Structures are given as C-alpha cells and as structure tokens.
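Below: one structure, written as structure tokens.
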Amino acid sequence: MTANDHNSHSPINPNTLPNFATMPNVATMDTTHVDKNQPPFILVDGSYYLFRTYHALPKTMQNSQGLVTNAIRGTLNALLKLMRRYHPTHMAVCFDTKSPTFRHAMSEEYKANRPKMDIELAEQIPYIHRLVTALGIPLLRIEGAEADDIIGTLAYRAVAEGHHVVISTGDKDMMQLINDCVILEDSFTGKMTDSAGVVEKFGINPEQMIDFLTLMGDSSDGIKGVPGIGKKTAKDLLNEYGNIDNMLKNVANIKGRAGKNLLEYADDIPMNAQLATIVTDLEVGQDWQDLKINTDPCAHINELRELYSELEFRNELASLDHPNHPANGNGHGTQSVAHSQADAESQAQIAKSLQSSTIGDITDSKIHDRAWHTILDESAFDNLVQLLASAPHFVIDTETTSVYWRQAELVGLSFAVQAHEAYYIPLTHALEGDELIAKQLDRDTVLARLKPILENPNIGKIGQHLKYDAHILSLYDINLLGNIHDKPNNWAMDTMLASYVINAAITRHGMDDLARHYLQTQTISFEDVAGKGAKQVSFDQVAIDIASDYACEDADITYQLFDLFSKKLADDTNNAKLLHELEIPTAEILCQMEANGILIRRPFLNELSKRFDEEIIALEKRAYEVAGEEFNLGSPKQLGEMLFDKLGVVGGKKTKTGQYSTGEAVLSKIDHPLVDITLEYRGLSKLKSTYTDALDNVADAKTDRVHTSYHQALTSTGRLSSTDPNLQNIPIRTATGRLIRQAFIAPEGRVILAADYSQIELRLMAHFSGDKNLTHAFNEGLDIHAATAAEVLGKEVAEVTATERRNAKAINFGLLYGMSAFGLAKQLQMSRSEAQDYIDMYFERYPGVKDYMINTRASAYEHGYIETILGRKLYTPDINHSNRMVKQGAERAAINAPLQGSAADLIKLAMIAVDKVLPKEQAKMLLQVHDELVFEVDADKVDEISQLITNAMQDVLTATAVEKGWNVNFAVPLLVETDSGQNWDEAH
DNA sequence: GCATCATCTTA
DNA sequence: GTAAGATGATGCG
1 MTANDHNSHS PINPNTLPNF ATMPNVATMD TTHVDKNQPP FILVDGSYYL
51 FRTYHALPKT MQNSQGLVTN AIRGTLNALL KLMRRYHPTH MAVCFDTKSP
101 TFRHAMSEEY KANRPKMDIE LAEQIPYIHR LVTALGIPLL RIEGAEADDI
151 IGTLAYRAVA EGHHVVISTG DKDMMQLIND CVILEDSFTG KMTDSAGVVE
201 KFGINPEQMI DFLTLMGDSS DGIKGVPGIG KKTAKDLLNE YGNIDNMLKN
251 VANIKGRAGK NLLEYADDIP MNAQLATIVT DLEVGQDWQD LKINTDPCAH
301 INELRELYSE LEFRNELASL DHPNHPANGN GHGTQSVAHS QADAESQAQI
351 AKSLQSSTIG DITDSKIHDR AWHTILDESA FDNLVQLLAS APHFVIDTET
401 TSVYWRQAEL VGLSFAVQAH EAYYIPLTHA LEGDELIAKQ LDRDTVLARL
451 KPILENPNIG KIGQHLKYDA HILSLYDINL LGNIHDKPNN WAMDTMLASY
501 VINAAITRHG MDDLARHYLQ TQTISFEDVA GKGAKQVSFD QVAIDIASDY
551 ACEDADITYQ LFDLFSKKLA DDTNNAKLLH ELEIPTAEIL CQMEANGILI
601 RRPFLNELSK RFDEEIIALE KRAYEVAGEE FNLGSPKQLG EMLFDKLGVV
651 GGKKTKTGQY STGEAVLSKI DHPLVDITLE YRGLSKLKST YTDALDNVAD
701 AKTDRVHTSY HQALTSTGRL SSTDPNLQNI PIRTATGRLI RQAFIAPEGR
751 VILAADYSQI ELRLMAHFSG DKNLTHAFNE GLDIHAATAA EVLGKEVAEV
801 TATERRNAKA INFGLLYGMS AFGLAKQLQM SRSEAQDYID MYFERYPGVK
851 DYMINTRASA YEHGYIETIL GRKLYTPDIN HSNRMVKQGA ERAAINAPLQ
901 GSAADLIKLA MIAVDKVLPK EQAKMLLQVH DELVFEVDAD KVDEISQLIT
951 NAMQDVLTAT AVEKGWNVNF AVPLLVETDS GQNWDEAH
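Residue numbers (full-length UniProt numbering): 1 to 988.
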C-alpha cells in the first residue's frame with residue numbers, strides 16, 4: 001500500500017467500545033529508547049486547522065469563482081511551516097469524518113450542540129484533502145474514529161518504535177498525549193507546549209490531563225464534568241489527591257460544593273472520563289513505517305500546479321518553480337504566504353518557543369561565541385572593578401525583586417563593557433537548595449566598591465530604561481543620576497529613549513522588543529526564568545546560574561543596542577540632540593519627581609469615600625424602585641436591557657457587540673428618571689473607585705505621599721503617560737470632581753503652585769500655519785475662542801454670545817484633532833451640512849490653517865513621518881493603509897501629531913529650564929500634566945519662585961532651545977499662567 | 001486568571 | 001475628530 005492511500009482503512013464500528021483498561025498511556029510510557037537526533041514524526045490535527053483558520057481568517061479570501069479559500073490557505077500554511085521547520089521524513093495529516101464514533105454511541109449529548117458546518121467551509125474540505133495528498137503527505141480519515149484517536153494511536157506507535165513526535169494542534173485535549181518525547185505545536189499561533197508547558201498552563205501534569213478534563217467537562221463537546229468544579233478547583237484537587245480515584249476514596253475530606261457534587265455525580269465520572277480519553281490502540285490497519293512523506297519532487301507537481309491554479313494561489317504557483325519549494329522535499333523554500341503580518345507574528349512566536357525546547361533538531365538559539373561570567377569570588381570582582389573603573393563607558397543593569405522601584409530590593413547587578421561579553425554579580429539570591437547562594441559576595445561591600453565608579457561623571461553609563469536603575473541605586477545611596485545628563489557629550493545612553501527618539505512607532509521600546517526588532521534576537525523572557533501569572537516568583541528565587549544567563553543577556557543586548565543606536569545617531573545629529581539634550585535630562589528630572597511624590601489628605605479622601613458610598617447606595621435604591629426590580633446599575637448591559645426592553649424607552653442604539661449603548665452621549669438625550677439616577681450613580685462610583693479609594697490605597701503608609709510612575713517611551717507623539725496611579729487625569733471639570741483635587745496638598749509651610757501653558761496647541765497651530773488672523777489674535781492677546789467666533793461670524797468680539805463662543809471653541813479643538821464635518825456635527829449636535837458650512841466659513845477666514853492641514857497630510861504621505869518643532873520625527877505607518885477608515889484615522893493623527901508632539905517637546909524643555917533655576921531647598925517639582933507643571937514651594941517664597949518658573953517656561957524657545965542649538969522663530973508669544981493655594985484645586 | 005468591552009477621567 | 005489609563009462587568013478557556 002502507498003502512503004497516500006487514505007481510503008483503504010476499514011471503518012471502525014462505533015458500537016464497539018474501546019477497551020480502556022488495556023489501552024496504552026502515552027503520557028506515562030517509557031521513552032528511554034527514543035533517539036532525539038532523528039527528525040520527529042509529525043502528526044497534524046487537520047480538523048483543528050480547518051476550523052481554526054476558517055474562523056480566524058477573513059472570508060474575503062476567495063478565488064474569482066467565489067470559492068472561499070481561507071481554510072485552505074490557513075491549513076496549507078500550517079503544513080508548509082511544519083515541513084520547513086522539521087524536514088520530517090514521517091508525517092500524517094488526520095481528519096475527522098462525518099460518521100458517528102463510539103463517543104456518540106456512549107452519550108447522546110456528545111457534540112450534540114455543534115451547529116451544522118458552514119457551506120463555505122464544507123466546500124473547502126475536498127480541496128484540502130487533495131492538497132495534502134499532492135504535497136506528498138499521508139492523509140488519514142477513518143470512519144468511526146476521530147482525528148484525535150488516530151493521532152493518539154500513531155503517537156503511541158511512533159514513540160514505541162523510537163521516534164519522537166510533534167503533534168500539530170491547538171486542542172488542549174491533546175495535552176494528555178504529552179511526554180518527554182511528544183510535544184504539541186500550534187502552527188497557527190506558533191505556541192508550543194511540552195510537559196512543562198502543561199504544568200505552566202494548568203498547574204497539572206500531562207498524565208493528569210484526562211482526569212482534569214473529566215472534572216471540568218467541556219461544554220462545546222457536550223461533556224458535562226462535575227458541576228462547581230472548574231479549572232482552578234480541578235487543579236487544586238488533582239494536586240492534593242493525584243487522581244480522581246483517590247479523590248473519591250477521600251471524598252469525605254473534600255469540603256464544600258466540590259465534595260458534595262463529586263459524590264453526587266460520581267456515577268457520571270467513568271463515562272465522562274472515557275469521553276475525554278483519546279484512544280491509543282485503534283485498529284488503523286496500517287503500520288507507521290508507511291507514513292513516509294513522498295519526497296519525489298516530480299510525483300505530484302502537476303496536481304499541485306493544477307490545484308494552485310484553480311485556487312488562484314499565485315505565489316504558491318510561482319514557488320513551484322523554485323528549486324527549494326518544500327513540496328520538493330527540501331525544507332528551505334521561500335515563504336509564500338498571503339498574510340505576511342499574521343505570519344511574521346507567528347514566526348516570531350515560533351522563534352520564541354524554540355528557545356525552551358530541546359527536542360530533535362529544534363535549535364537552541366543561544367549563541368555560543370560569547371563570554372558571560374558570574375562573579376562569585378573576590379578576585380573576579382576585583383578584576384571587574386578594574387575593568388569598569390578604566391572603561392570610558394559601560395552598560396549597567398540592576399536585577400531586583402519588583403518592577404515597582406519603591407517595592408524593589410536589589411538582587412544582583414550586571415555589566416558589559418563590550419558586545420558579547422557580560423558579567424553578573426549575584427548578591428541576594430535565596431533559592432533554597434541552590435548551592436551557589438552561599439558563594440555570593442556581600443551586597444554592601446560590593447556596592448561600596450562600585451559607588452565611586454557609578455557616581456563618576458567621567459565614566460559614561462549605558463542602560464535600558466536607566467530611570468529605573470537610578471531609582472534602585474538611590475535606594476542604596478548611590479547617585480547614578482549625574483552620569484545621565486551632566487555629561488551629555490560622553491557616551492551615556494538610555495537605549496529605550498534612543499529607540500523612542502529614532503522611531504517611536506516602529507516597535508515598542510522594551511528590551512525584548514528592541515532585541516527582536518533591531519538585533520533579530522529573541523531574548524530569554526522574564527517569564528522563562530521566573531514563571532508567569534500567580535506562579536511567578538521574584539528574581540531572588542531564581543537559581544543563580546539561570547539568573548546569570550538572563551542578566552548577562554540583558555547587559556549584552558543593551559551593549560549591542562548601544563552600538564547600533566550610536567551609529568544611527570551619528571547619522572542624524574538632531575536625533576542625537578533630542579536624546580542627549582531633551583529626553584535623557586527629562587528622564588533625570590522625572591526620576592526626582594517620582595521620588596518626591598505629592599502629599600494627599602488621607603482623612604479627607606476617606607471622608608469623601610464614605611459620602612460617595614452613601615449616595616451611591618441611595619441612588620441604587622431609587623433605581624430599583626423606578627425599575628421595579630433589583631439589577632446591577634453598574635452593568636451597561638443590564639442597564640440597557642432594563643431601559644430599552646423592560647421599561648420600553650425608545651431611542652436605544654446598539655454597539656458593535658450587539659448590546660445597547662448606554663454611554664453618556666446617548667443617555668443624556670433621554671428624558672427618564674432612571675437616566676438621571678444612572679448618570680449621577682456613574683459619576684460618583686467613578687470618583688470613588690478610581691480616585692478616592694485608589695489614591696488612599698497607593699499612598700505611602702508613612703509619608704502619605706503618592707508616587708506616580710511616568711512612562712517616557714510610550715506615546716506616539718512624545719507625550720508622557722502616568723500610571724500607578726495615573727495623576728494626569730485627576731478630575732477638574734465638575735464641582736464634585738474638584739473635591740478630589742482638593743485632596744492634593746502641600747505640607748505645612750508650603751503651598752501648591754501650578755503653572756500651565758495657555759492654549760499651547762493652538763499657538764503652535766498659529767506658528768506652523770503662519771495664518772495671519774490666528775497669529776494676530778494671539779499677538780493681540782485676545783480671547784481666542786471669542787475671536788474665532790467673531791471672525792467667522794463677521795462681528796465684533798464684544799458681541800459674541802456664549803453659544804457662539806462655545807461653538808467656536810469646539811471648532812478650534814476640532815482643528816487640532818484633524819476634524820471632519822461628521823465629528824464636529826456630533827460634538828455640536830447639529831446636522832452634517834451645518835457643520836460643513838461652519839468649517840467652510842472657518843477656512844475662508846483662516847486660509848493658512850487650511851493650508852496647514854493640506855501640507856501636513858502631504859508631508860505624511862511624502863516622507864512617512866511629520867516633524868515637531870524640535871525636529872522630532874513622528875512616523876505615520878498607517879498613512880497608506882488599505883483600510884479606508886484606518887487610513888483616514890492616520891491622516892487625522894498626522895494633523896494632530898505636530899501640535900501635540902511639539903507641545904510635548906516644549907514642556908520637556910520647560911522642565912529642564914525650570915529644574916535648572918529652581919531653588920531645591922525651597923521648592924520641588926512634583927507633577928507634569930502635558931501642558932502644566934505642579935510644584936510645592938515654601939509659602940513665603942511663592943511670588944518669587946512663581947516668577948522664576950513663569951520666566952523659564954515662557955523663554956524656552958528664546959533661551960533654552962537656543963542654548964541647545966535649536967533656533968525657532970516662534971510666531972506668537974508663549975503665555976504661562978500660574979496660581980497657588982493650599983491644594984491643587986486652589987492652585988488651578 | 002486573563003483579555004476585552006464599555007465607560008469615564010484628563011490634556 | 002488627537003493622545004492617554006483605570007475600572008467593573010463580561011466572556012473565554
């Protein structure tokens with residue numbers, strides 16, 4: 001029989017039950033004889049790829065005959081990937097058939113609720129079968145057996161015969177087949193799962209998988225499981241009792257619902273277990289040796305050609321003439337994939353999964369031409385100290401117990417003075433049983449020796465996200481900060497900020513992202529060494545040899561990035577200037593601001609929480625009365641159903657997910673008592689949960705100060721963002737909201753001082769557009785929104801009504817946001833054509849602004865980026881996107897980016913300028929909120945310092961920028977407004 | 001337990 | 001119409 005003779009199997013009688021007692025168990029079988037150096041036996045779960053790719057890939061993939069081809073493509077890509085990766089000699093693709101199996105005979109509910117297969121999918125199946133055969137891969141379908149069972153059987157036989165096995169599937173049920181020599185690989189997502197992967201994912205061993213599935217059940221397959229036992233309980237029970245038999249023996253000891261139900265449903269367990277068990281001794285009537293790939297390049301080439309032509313897979317067709325097409329039995333073919341983006345992502349994931357795998361020819365991607373050292377004795381440390389002290393610059397990286405610097409303790413330090421060589425000094429690792437922990441050098445001794453080097457401004461410090469390391473070192477009384485910006489001309493560099501300045505959009509700026517993007521290297525992830533989720537341990541619980549690899553890699557990669565970015569910056573002096581004169585100095589100031597924190601009034605916040613809570617409860621009660629029943633007022637879904645279905649309110653609109661929209665914009669148009677109650681309820685619960693409760697939780701227990709964390713390499717425009725907590729969105733618009741602001745105070749003898757740029761983005765618009773009317777209004781010091789209304793309506797500023805000013809304000813903001821008539825109409829609640837008329841009138845009066853819009857858009861198309869006032873390039877990758885909506889979104893972002901981005905540049909300059917003149921004993925900079933800086937200052941020095949700050953901020957373009965070599969002739973004045981008071985509300 | 005949605009807060 | 005982050009509810013596995 002030939003390998004592809006897939007119709008030759010005798011059907012399996014669905015009424016003959018497998019003998020579960022004698023069935024071999026793949027997870028526990030002996031694997032000592034398996035030769036891991038041979039290519040693996042590949043078993044593909046064809047049915048999985050069929051369904052997965054059909055639902056995941058767009059149905060718009062069709063040939064000219066209207067045949068949907070997404071599942072064909074998806075499955076083909078999975079197969080080609082496997083062949084390229086493993087160069088297998090033995091492989092089989094298994095499919096389910098429509099006929100019933102023993103599971104259907106056992107349980108009426110088994111897969112009973114599966115909807116009928118879509119016709120668009122059914123049509124693709126014959127093509128997929130033909131394709132598999134034409135690729136020379138054995139195809140297996142057996143009446144009365146599921147693909148799982150064929151795979152289970154073949155996996156057992158293959159391992160028994162000395163092969164290791166890769167099962168290509170995304171079905172978690174198959175995890176019961178995993179052992180030392182059998183792994184799962186989902187070729188669609190790139191995810192690989194070995195034994196450790198099962199433990200990581202579910203907290204149990206592969207051999208416990210059947211019991212796990214039996215307890216949990218599977219609603220999509222119609223397997224019930226034990227009610228009340230989900231993933232978590234099943235895991236806990238299995239960890240305690242090992243298996244279900246043992247659980248039942250000790251069922252009296254199992255408390256609560258789990259124990260009760262286990263007893264009550266004990267009779268169902270055997271059947272559910274059998275439904276969940278993959279058969280491993282099917283009568284397949286075929287020996288595994290027959291499942292060889294047909295490697296004759298000419299065998300099926302004509303069939304393939306015909307298929308690809310009919311399907312209109314042009315790239316695949318062309319690649320048939322390429323000598324390395326995988327169908328020719330050679331695993332190095334060119335990629336021929338329709339979804340380059342999705343594919344690139346899954347490739348990256350595959351690359352990642354390769355790291356941890358040790359099976360077969362899956363390569364360990366660690367490079368070996370490198371020297372990574374663990375420093376565990378005095379003389380090695382002496383040598384390192386010598387090396388660092390005499391280096392012009394070096395990479396430093398701290399390893400700690402937490403990503404939050406305020407909770408972190410130092411665990412070790414890594415260094416690099418050149419690429420491919422790195423040192424790790426473990427200091428406080430404490431993993432029980434790790435023999436190396438006793439050899440660690442003393443932390444304080446090491447730090448004392450390093451302090452003069454780390455504080456030496458003449459030795460450049462290089463790091464990835466140095467602000468973090470600076471925070472950590474400052475906890476140990478080491479001041480790294482001076483080295484970051486006091487010597488802007490040395491080699492000091494923050495690779496995260498360098499990447500951000502060079503191109504903020506091309507990748508995120510974490511070290512893993514940078515290594516992947518710029519060095520084509522997949523780093524050891526933190527999760528690889530410390531686990532993830534609830535099971536993650538802190539770094540001091542990682543074994544020193546593993547930790548050392550991780551830490552050395554970090555330092556090594558950082559050095560390599562430093563080399564690469566240094567070259568890029570040498571070619572672009574403005575980028576170099578942005579890094580050294582703007583971002584790195586800003587980082588140092590942010591470090592101080594974060595360390596300062598801002599004082600809050602805890603008792604006041606607690607009092608507010610209590611008050612809000614009482615009002616919330618009263619509102620809930622009223623809502624239940626109006627509704628006639630209790631429901632969750634905080635659930636948009638339940639509220640929508642109550643309002644529009646049960647209470648019959650008209651005007652309900654649905655969101656894209658099919659539920660009613662209950663956003664503020666919709667509700668405020670409805671006249672109904674429940675709406676008023678809801679809006680008030682939402683306002684108060686927002687304030688309570690997001691602000692009064694949250695701030696109290698994060699404030700330092702001893703000092704009552706709140707320390708936010710600023711992210712400097714995140715936004716697409718150059719703005720900062722603030723997290724944990726976000727102090728850039730503290731309420732201000734409503735009176736109740738402002739109560740929160742009143743909780744931010746200055747200590748005794750000091751006041752809060754706030755300084756903000758007035759209308760900075762509109763001033764930038766005036767500058768960039770050069771528009772005469774706009775420039776004139778700012779130069780005359782007019783109320784800009786009133787001036788706009790007067791100009792557009794052709795009347796005097798004094799005659800402008802409140803509504804006219806409000807509309808003008810909306811259009812001014814709209815301009816900054818790349819406005820459309822549609823958007824303006826929605827904002828002003830007018831018709832689209834009215835909005836369009838208004839916009840037309842505006843552009844007639846402000847032609848320069850119209851030109852700015854056109855020119856900025858054009859620049860984005862021409863260069864792929866726009867520039868801010870300091871020449872920061874902000875890339876606009878979606879400007880040529882094939883989706884019209886996405887493309888238009890990118891156009892609006894491009895129009896906004898120079899304005900928002902330039903404002904971000906200016907406030908960073910302002911922070912640098914202010915920091916330089918601020919008397920540190922009398923004032924501290926605390927917060928930055930995009931166009932505002934918040935300080936606490938000695939009460940008796942407020943006027944003086946306020947003037948100092950105002951001057952520094954207003955003069956950034958005429959003084960600070962010029963000193964640093966940026967010469968900008970700004971078209972309008974920069975105006976700063978300051979105020980001060982006991983709290984942030986009074987200061988605003 | 002983790003991701004996504006809907007909502008609301010800021011500049 | 002731009003740029004963010006946090007929360008509770010909900011859905012998935």
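Glycine included, each C-beta is placed from N, C-alpha and C at the ideal position. Quick caveat: nothing in here was measured; it's all calculated off a predicted structure.
With 16 other Cβ atoms within 10 Å as the buried cut-off, status of residue i
i, result
"A735", "exposed"
"H393", "buried"
"V337", "Because V337 sits at a pLDDT of 28, beneath the cut-off of 50, its placement in the model cannot be relied upon, and the point is left open."
"K908", "buried"
"I472", "buried"
"F313", "buried"
"Y404", "exposed"
"residue 1043", "Here the chain comprises residues numbered 1 to 988, so residue 1043 is not present and cannot be evaluated."
"T586", "buried"
"E588", "buried"
"R884", "exposed"
"I128", "buried"
"S379", "exposed"
Spatial distance of residue i from residue j (CA atoms)
i, j, result
"A438", "K567", "43 Å"
"H517", "F562", "14 Å"
"D361", "R719", "With a pLDDT of 24 at D361, under the threshold of 50, the modelled position of that residue is not reliable, and the figure given next carries that caveat. For D361 and R719, the distance between alpha carbons rounds to 46 Å."
"E614", "I740", "17 Å"
"residue 1038", "L816", "Limits of the chain in this structure are 1 at one end and 988 at the other, which puts residue 1038 out of reach."
"A492", "M192", "40 Å"
"S769", "T775", "9 Å"
"F822", "R857", "19 Å"
"P14", "N272", "17 Å"
"S758", "G463", "36 Å"
"Q349", "E944", "Residue confidence for Q349 is low, a pLDDT of 37 falling below 50, so the modelled location carries little weight; the figure read from the coordinates is stated next. Straight-line Cα distance between these residues: approximately 58 Å."
"M1", "L291", "Residue placement at M1 cannot be trusted, given a pLDDT of 37 that sits under 50; what the coordinates show is reported in the next sentence. Taking the straight line joining both Cα atoms gives about 10 Å."
"A959", "H988", "27 Å"
"L579", "T690", "35 Å"
"D513", "L497", "13 Å"
"N967", "A961", "7 Å"
"H9", "P636", "55 Å"
"S668", "N632", "20 Å"
"M247", "Y550", "41 Å"
"V675", "F612", "19 Å"
"T655", "A835", "25 Å"
Three-state secondary structure (DSSP) of residue i
i, result
"M192", "strand"
"V417", "strand"
"F843", "helix"
"E312", "coil"
"D397", "strand"
"H373", "strand"
"Q176", "helix"
"N983", "strand"
"L874", "strand"
- Query: At which residue ranges does the segment 582-607 contain complete alpha helix (DSSP H) runs of 4 or more residues, listed in the order of the chain?
  - Reply: 584-596
- Between the segment 80-100 and the segment 128-140, do at least 3 Cβ pairs fall closer than 8 Å? yes
- What residue ranges within the segment 14-49 form continuous beta strand (DSSP E) runs of no fewer than 3 residues, ordered along the chain? 41-45
- Message: Would you call the segment 12-30 in contact with the segment 136-156, where contact means no fewer than 3 C-beta pairs closer than 8 Å?
- Response: yes
- Message: Threshold first: 3 residues or longer. Then list the beta strand (DSSP E) segments lying entirely within the segment 69-117, N to C.
- Response: 91-95
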